[in-house]
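Peer 1:
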Amino acid sequence: MKWEHALKDYKLYLKIERGLSINSINSYALDVKKLMEFLEFNNINTSPISITKETLQQFIYDIAKVVNARTQSRIISGLRSFFNYLIFEDYRTDNPLELIESPKIGRKLPDTLSIEDINRLIEAIDLSKPEGERNRAILETLYSCGLRVSELTNLKISDLFFEEGFIKVTGKGDKQRFVPIVDSAQKYIIIYKDSVRNQLSIQKGHEDTLFLNRRGKQLTRAMIFTIIKQLAVKIDLNKTISPHTLRHSFATHLLENGADLRTIQLMLGHESITTTEIYVHVDKSHLKNVLHTFHPRK
């Protein structure tokens, strides 16, 4: 079995069997491609079926020279998944990465903004320009609903259920969830949709897409990053922020105000509660508050 053939089948498996998004599939495939490049560069003639633990240790030692521990750990995890797939398809009987440990990494806590910082960001938007109303609606939606940037750019007009107070979000692996949306975010979306979006020459295929660029096409992820970074510079915010910062802030502020982790997990679209638990580490005072509020011998 050749590497190219194995990688093609693996990507098909990730799409059909596991239902992963294009971004996730490309990330997994990139880990395998890094291994393929290493083998080619070092003239190591081996196949996915015959590659040994020793060869993989050489590869890991090699990448450790140029990437940090977190990236190294992610690559190892991606390759484990690839070899597990080969076992699943009966190409191999073992996973050569089974006994290879990932490097120890500290748990990275997400950056968050204060409510005041978020208000300053939104207030810095120039509403005299047509894109100003759009950008305000974007920031309000990101913070109100805790969306991932791809979830925001893929949001459709047909996903808005304002009478019920929800929006339908398509997350990782095309999994859909309903997320509540506050009245203020609804108001700014309606203002943008009715006063700015309907003035655009909307391109074919983007008729239902909510947030559009000036040419009437869906906004890119990079454009959302640019909008937020420019606003951060405008208010002299001494932090490196991204759309994900608003998502982290959404979850942290909910937790600080008494929301339970299970509810936050559902709104964020986390598959596992352990992913959501990272927000407990952001503000440990929440744990004390819960104890003093609910323990019978407080």
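The opening residue of the sequence shown carries number 1 in full-length UniProt numbering; numbering runs sequentially from there. Using N, Cα and C, we set each Cβ at its ideal position, and we do this for glycine too. Values in this document were obtained by computation on a predicted structure and should not be read as measured data.
(1) Go through its chain and collect everything with a Cβ distance to I115's Cβ below 7 Å, but skip five positions before and after it.
(2) Quick check for students: name the residue ranges of the alpha helix (DSSP H) that lie wholly in the UniProt domain "Core-binding (CB)" (1 to 87), counting only runs of 4 or more.
(3) Quick one: using the 10 Å Cβ neighbour count with 16 as the cut-off for buried, is H248 buried or exposed?
(4) Could you tell me if L12 is buried or exposed, where buried requires 16 or more neighbouring beta carbons within 10 angstroms of its beta carbon?
(5) Use the C-beta contact count for V233: other C-beta atoms within 10 angstroms, 16 or more gives buried, fewer gives exposed.
(6) Beta carbon of G171, beta carbon of E151: below 7 Å?
(7) Rounded to a whole number of angstroms, what is the C-alpha to C-alpha distance between D208 and S47?
(8) Since I believe L139 is in contact with residue 302 (beta carbons under 8 Å), could you give me their beta-carbon distance rounded to a whole number of angstroms?
(9) Are there three or more Cβ pairs, one per stretch, closer than 8 Å when the segment 154 to 169 is compared with the segment 202 to 222?
(10) Taking the alpha carbon of T55 as the reference point, which residue from G78, R18, I100 and C145 has its own alpha carbon closest?
(11) Can you name, in chain order, every residue of its own chain whose Cβ lies under 6 Å from the Cβ of T112, other than the five neighbours on each side?
(12) State the start and end residues of the unbroken alpha helix (DSSP H) segment that holds P130.
(13) Check whether the Cβ atoms of L231 and A124 sit closer than 7 Å, and answer yes or no.
(14) Please report the distance separating the alpha-carbon of R262 from that of P96.
(15) Report the option in I235, E89, A222 and V179 whose CA atom is closest to the CA atom of L266.
(16) Can you tell me which of the three DSSP states T263 falls into?
(17) Should I181 go down as buried or exposed, given a rule of 16 or more other Cβ atoms within 10 Å for buried?
(18) What three-state label does DSSP hand K168 in the structure shown?
(19) Nearest to N135 by CA position, among I224, I190 and L147, is which residue?
(20) Alpha carbon to alpha carbon, how far is N43 from T141? Give it in angstroms, no decimals.
(21) Span of the beta strand (DSSP E) holding I177?
(22) Using alpha carbons as the reference points, say which of E256, A259 and I228 lies closest to R120.
(23) Quick one: what's got a C-beta closer than 7 Å to L39's C-beta in the same chain, skipping five residues either side?
(24) Taking K34 as the reference, which of T276, Q72 and F161 has the closest Cα?
(25) How many Å lie between E163 and Q218 at the Cα?
(26) Roughly how many angstroms separate the alpha carbons of D183 and G165, rounded to a whole number?
(27) With which residues is V218 paired in a DSSP beta bridge?
(28) In the DSSP assignment, find the alpha helix (DSSP H) that holds Q186 and state where it starts and stops.
(29) Taking Cβ positions only, does K53 come closer than 7 Å to chain D?
(30) Helix, strand or coil: how does DSSP classify F161 here?
Peer 2: Quick answer:
(1) As a first step, residue 115 must be located in the sequence shown, where it is residue number 115. Here the set comprises H253.
(2) 3 to 16, 22 to 41 and 53 to 63
(3) As a first step, residue 248 must be located in the sequence shown, where it is residue number 248. Under this definition H248 is a buried residue.
(4) Position 12 of the sequence shown, counted from the start, is the residue given in the question as residue 12. By the beta-carbon neighbour count (other beta carbons within 10 angstroms, threshold 16), L12 is exposed.
(5) Along the sequence shown, one-based indexing puts residue 233 at 233. So V233 counts as exposed.
(6) Stepping through the sequence shown from its first residue, residue 171 is reached at position 171. Stepping through the sequence shown from its first residue, residue 151 is reached at position 151. Contact flag set, yes.
(7) Position 208 of the sequence shown holds residue 208. Position 47 of the sequence shown holds residue 47. Cα to Cα, the separation comes out at about 46 Å.
(8) The shown model of the chain, from 1 to 298, leaves out residue 302, and the question about it has no answer.
(9) With the rule of 3 Cβ pairs closer than 8 Å, the segment 154 to 169 counts as touching the segment 202 to 222.
(10) On the sequence shown, position 55 is the one that residue 55 refers to. Nearest of G78, R18, I100 and C145 to T55, Cα basis: I100.
(11) What you label residue 112 is simply residue 112 of the sequence shown in a count that begins at 1. Correct list, in chain order: H248, S249 and T252.
(12) As a position in the sequence shown, residue 130 is number 130, starting the count at 1. DSSP places P130 in the uninterrupted alpha helix (DSSP H) bounded by P130 to C145.
(13) Here residue 231 is taken as the residue at index 231 of the sequence shown, counted from 1. Here residue 124 is taken as the residue at index 124 of the sequence shown, counted from 1. Yes, the Cβ-Cβ distance between L231 and A124 is below 7 Å.
(14) Looking up residue 262 in the sequence shown gives position 262. Looking up residue 96 in the sequence shown gives position 96. Whole-angstrom Cα-Cα distance: 37 Å.
(15) Here residue 266 corresponds to residue number 266 of the sequence shown, with the count starting at 1. The shortest Cα separation from L266 among I235, E89, A222 and V179 belongs to V179.
(16) What you label residue 263 is simply residue 263 of the sequence shown in a count that begins at 1. Here T263 sits in helix by DSSP.
(17) Against the sequence shown, residue 181 aligns to sequence position 181. Answer is buried; the Cβ neighbour count reaches 16.
(18) In the sequence shown, residue 168 corresponds to position 168, counting from 1. Three-state DSSP puts K168 in a strand.
(19) Working through the sequence shown from its first residue, we reach residue 135 at position 135. That would be I224, whose Cα lies nearest to the Cα of N135.
(20) Taking the sequence shown and counting its residues from 1, one reaches residue 141 at position 141. Taking the sequence shown and counting its residues from 1, one reaches residue 43 at position 43. Cα to Cα, T141 sits roughly 51 Å from N43.
(21) Along the sequence shown, one-based indexing puts residue 177 at 177. Residue identity check: residue 177 is Arg in the sequence provided, not Ile. Here the beta strand (DSSP E) through R177 covers Q176 to P180.
(22) Here the question's residue 120 lines up with position 120 in the sequence shown. That would be I228, whose Cα lies nearest to the Cα of R120.
(23) As a working note, residue 39 is residue 39 in the sequence shown. Result list for L39: T46, in chain order.
(24) Looking up residue 34 in the sequence shown gives position 34. Ranking the options by Cα distance to K34, first place goes to Q72.
(25) By 1-based counting over the sequence shown, the position of residue 163 is 163. By 1-based counting over the sequence shown, the position of residue 218 is 218. Going from the Cα of E163 to the Cα of Q218 covers about 25 Å.
(26) Taking the first residue of the sequence shown as 1, we reach residue 183 at position 183. Taking the first residue of the sequence shown as 1, we reach residue 165 at position 165. The alpha-carbon atoms of D183 and G165 are separated by roughly 8 Å.
(27) Numbered from its first residue, the sequence shown carries residue 218 at position 218. One detail in the question is off: residue 218 reads as Gln in this sequence, not Val. DSSP lists L212 as partners of Q218.
(28) Within the sequence shown, numbered from 1, the residue matching residue 186 stands at position 186. Per DSSP, the continuous alpha helix (DSSP H) segment holding Q186 begins and ends at D183 to S195.
(29) Protein chain content of the structure displayed is limited to a single chain, and chain D is not contained in it.
(30) The sequence position of residue 161 within the sequence shown is 161, counting from 1. Three-state result, F161: strand.
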